[in-house]
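*Asks:* In our numbering, the protein residues as written are 146 to 543. Dumping the structure here so I can ask a few things about it.
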Amino acid sequence: MKDFLKLILILILFILFASGCTKQNLEDIIQPTPKNIWQKTYGRSDDDFAYSIQQTENGGFIVVGGTRSLGAGSSDVYILKLSEEGEKEWEKTYGGLNYEEAHIVQKTYDGGYIVAGYANRIYVIKLDSNGEKEWERSFGDNWHDEAFYIHQTKDWGYIIVGFKYSYETQNGSVYLIKIDRNGNKEWEKSYSDNLDTIAYSMCEASDGGYIIVGRTLLLGNGWDIYVLKVDDKGNKIWSKNIGRSGDDEAYSVQGMDDGGYLVAGATTSLGLGNYDAYFLKINPYGEKVWEKAYGGTQIDKIYSLQKTIEGNYIAVGETNSFGAGGSDVYILKIDKNGDKLWEKFYGGSGNDIAYSIQQTNDGGYIVAGYTYSFGKGGKDVYIIKLDAEGNTGPYPSK
Numbered sequence: 146m147k148d149f150l151k152l153i154l155i156l157i158l159f160i161l162f163a164s165g166c167t168k169q170n171l172e173d174i175i176q177p178t179p180k181n182i183w184q185k186t187y188g189r190s191d192d193d194f195a196y197s198i199q200q201t202e203n204g205g206f207i208v209v210g211g212t213r214s215l216g217a218g219s220s221d222v223y224i225l226k227l228s229e230e231g232e233k234e235w236e237k238t239y240g241g242l243n244y245e246e247a248h249i250v251q252k253t254y255d256g257g258y259i260v261a262g263y264a265n266r267i268y269v270i271k272l273d274s275n276g277e278k279e280w281e282r283s284f285g286d287n288w289h290d291e292a293f294y295i296h297q298t299k300d301w302g303y304i305i306v307g308f309k310y311s312y313e314t315q316n317g318s319v320y321l322i323k324i325d326r327n328g329n330k331e332w333e334k335s336y337s338d339n340l341d342t343i344a345y346s347m348c349e350a351s352d353g354g355y356i357i358v359g360r361t362l363l364l365g366n367g368w369d370i371y372v373l374k375v376d377d378k379g380n381k382i383w384s385k386n387i388g389r390s391g392d393d394e395a396y397s398v399q400g401m402d403d404g405g406y407l408v409a410g411a412t413t414s415l416g417l418g419n420y421d422a423y424f425l426k427i428n429p430y431g432e433k434v435w436e437k438a439y440g441g442t443q444i445d446k447i448y449s450l451q452k453t454i455e456g457n458y459i460a461v462g463e464t465n466s467f468g469a470g471g472s473d474v475y476i477l478k479i480d481k482n483g484d485k486l487w488e489k490f491y492g493g494s495g496n497d498i499a500y501s502i503q504q505t506n507d508g509g510y511i512v513a514g515y516t517y518s519f520g521k522g523g524k525d526v527y528i529i530k531l532d533a534e535g536n537t538g539p540y541p542s543k
């Protein structure tokens, strides 16, 4: 038997070396290369924060948010480019003497980026692949107007989703702006059925229109989830207010394979107490199919939801119920029925919150937000690279 086993081992080694196997290959077979997981902070002595992240074509990451440490004013738009391992490749700031910040970044068909946010009104910047500004535009009537989401359309233009304030009614409404590829406005629409309505996210509908979600204030009934369906010209098809006696808010939406939509946010109407992380399945007509709430007795919210390659959903936000103290980053994976697959909490004794999550090319996830627990002072940009099970590397230094 021993001679037989020796013969098998010799044959395996012969095949490996005959196929060009090196010592490093053997080491990788015996001990696989560690997964690309890490946690890092970026910033200086003042506040620096991230609201959105995307993986770039070279495997790295583009991050947007705001900075008080750099730039010309009280806060400037902050653009940060990272390598796949989280090393800073470059950073840019855009803005003037007023308050500016970026809320969303998306990759564009030409290999660049489109960024939307706030600069005394709605602010949009088109960048090339190196972060250099190609054009910038402002939209809106006053300093209350701001953009929370942007989406590139099939004609290479963009749809901007945000908030429009009226001094006449002293209320806000959903604000939709269509611009061409050069940033020129083609049309704009505003929608409000109630006292105050804010839109935070959108996704394409199967018929070429759009589903927009946010929150709306009802007289005597707090916040309800607001769902708006429009066609590709911005014409309203229908709208729904969904909620109970407490506050119910939507911050993100994704399409589902059956034609419905999964909405994520927070609720005080269900769950264990205060705000709980909330998932709502609606059919193509905006009618509730099911709802699920997760969390503890304190504030737990979801701000970003993405569909994964295997058909499940990954979500990120904040938890005050679990973790090390204050707000911690809350990462939750659910299946298509809303059942929890796993959850993770990351952060330290200070407040640590995440606003954006994306699945990465290696099957893991990248998370962006801010931390008070780690870094150089004030808020720092907080980026977490996870594996497919939600595990990450050691905490960064304080």
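Where is the CB? At the ideal position from N, CA and C, for every residue including glycine.
#1: Kindly indicate the opening and closing residues of the beta strand (DSSP E) around MET347.
#2: Apart from the five residues just before and just after LYS524, which ones in its own chain have a Cβ nearer than 8 angstroms to its Cβ?
#3: With distances taken from CA atoms, which of VAL372, LYS278 and MET347 is nearest ASN327?
#4: Rounded to whole angstroms, how far is the Cβ of VAL138 from the Cβ of ILE356, which I believe are closer than 8 angstroms?
#5: Mapping DSSP to helix, strand and coil, what is PHE490?
#6: Going by beta carbon distance, what residues of the same chain come within less than 8 angstroms of VAL306, once the five residues before and after it are set aside?
#7: CA-CA distance, GLY418 and SER390?
#8: Would DSSP call GLY520 helix, strand or coil?
#9: May I ask which residues mark the beginning and end of the beta strand (DSSP E) holding GLU279?
#10: For TRP288, count neighbouring Cβ atoms within 10 angstroms of its own Cβ and tell me buried if that reaches 16, exposed if not.
#11: Mapping the DSSP letters down to three states, classify ALA217 as helix, strand or coil.
#12: My assumption, with CB atoms under 8 angstroms, is that GLY470 sits in contact with SER501. Please give the rounded CB distance.
#13: Can you find at least 3 beta carbon pairs, one from the region 242-257 and one from the region 227-234, that sit closer than 8 angstroms?
#14: Put ASP290 into one of helix, strand or coil per three-state DSSP.
#15: Quick check on the DSSP output: the beta strand (DSSP E) that includes TYR423 runs from which residue to which?
#16: Who pairs with ASN316 in a beta bridge, going by DSSP?
#17: By Cβ distance below 7 angstroms, which residues in the same chain neighbour SER228 in space, the five residues on each side in sequence not counted?
#18: Can you tell me whether LYS374 is buried or exposed? The criterion is at least 16 other CB atoms within 10 Å of its CB, across all chains shown.
#19: Can you name the residues that DSSP bridges to ARG360?
#20: Am I right that ILE126 and TYR448 are in contact with their C-beta atoms under 8 angstroms? What's the rounded C-beta distance?
#21: Identify the residues that DSSP records as bridge partners of LEU417: which are they?
*Replies:* In brief:
#1: Here residue 347 corresponds to residue number 202 of the sequence shown, with the count starting at 1. First-last of the beta strand (DSSP E) with MET347: 341-349.
#2: Residue 524 sits at position 379 when you count from the first residue of the sequence shown. So the list reads GLY188, ASP192, ASP193, PHE194, TYR515, THR516 and TYR517, once near-sequence residues are dropped.
#3: Here residue 327 refers to the residue found at position 182 when the sequence shown is read from its first residue. Ranking VAL372, LYS278 and MET347 by Cα distance to ASN327 puts LYS278 first.
#4: In the structure as shown, the chain starts at 146 and stops at 543, and residue 138 therefore has no counterpart that could be examined.
#5: Numbered from its first residue, the sequence shown carries residue 490 at position 345. Judged by DSSP in its simplified three-state form, PHE490 adopts strand.
#6: Taking the sequence shown and counting its residues from 1, one reaches residue 306 at position 161. Listed in chain order, the non-local C-beta contacts of VAL306 below 8 angstroms within the same chain comprise ALA292, PHE293, TYR294, ILE295, HIS296, VAL319, TYR320, LEU321, ALA344, TYR345, SER346, MET347 and ILE357, local neighbours out to five positions each way being set aside.
#7: Along the sequence shown, read from residue 1 onward, the residue named residue 418 stands at position 273. Along the sequence shown, read from residue 1 onward, the residue named residue 390 stands at position 245. Using only the alpha carbons, I get a separation of about 14 angstroms.
#8: Mapped onto the sequence shown, residue 520 falls at position 375. DSSP, reduced to helix, strand and coil, places GLY520 outside both helices and strands of the structure shown, so it counts as coil.
#9: Your numbering for residue 279 matches position 134 in the sequence shown. Per DSSP, GLU279 belongs to the beta strand (DSSP E) from 278-284.
#10: To locate residue 288, count along the sequence shown from 1; it is residue 143. By the C-beta density criterion, TRP288 is exposed, having fewer than 16 other C-beta atoms within 10 angstroms.
#11: For the purposes of this step, residue 217 is taken as the residue at position 72 of the sequence shown. Three-state result, ALA217: coil.
#12: By 1-based counting over the sequence shown, the position of residue 470 is 325. By 1-based counting over the sequence shown, the position of residue 501 is 356. GLY470 to SER501, Cβ: 23 angstroms. No contact.
#13: No, the region 242-257 is not in contact with the region 227-234.
#14: Walking along the sequence shown from the start, residue 290 turns up at place 145. Of the three classes helix, strand and coil, the one that applies to ASP290 here is coil, per DSSP.
#15: Walking along the sequence shown from the start, residue 423 turns up at place 278. Element bounds for TYR423: 421-427.
#16: For this step, residue 316 is matched to residue 171 along the sequence shown. According to DSSP, ASN316 bridges with SER311.
#17: On the sequence shown, position 83 is the one that residue 228 refers to. Within the same chain, SER228 has close Cβ partners GLY205 and GLU234.
#18: If you number the sequence shown from 1, residue 374 lands on position 229. The residue is buried, with at least 16 neighbouring Cβ atoms inside 10 Å.
#19: Numbered from its first residue, the sequence shown carries residue 360 at position 215. In the DSSP output, where bridge partners are listed per residue, ARG360 has ILE343 and ILE370.
#20: For residue 126 there is no data in the structure shown, the boundaries of the chain being 146 and 543.
#21: Along the sequence shown, one-based indexing puts residue 417 at 272. Answer is none; LEU417 lacks a bridge partner.
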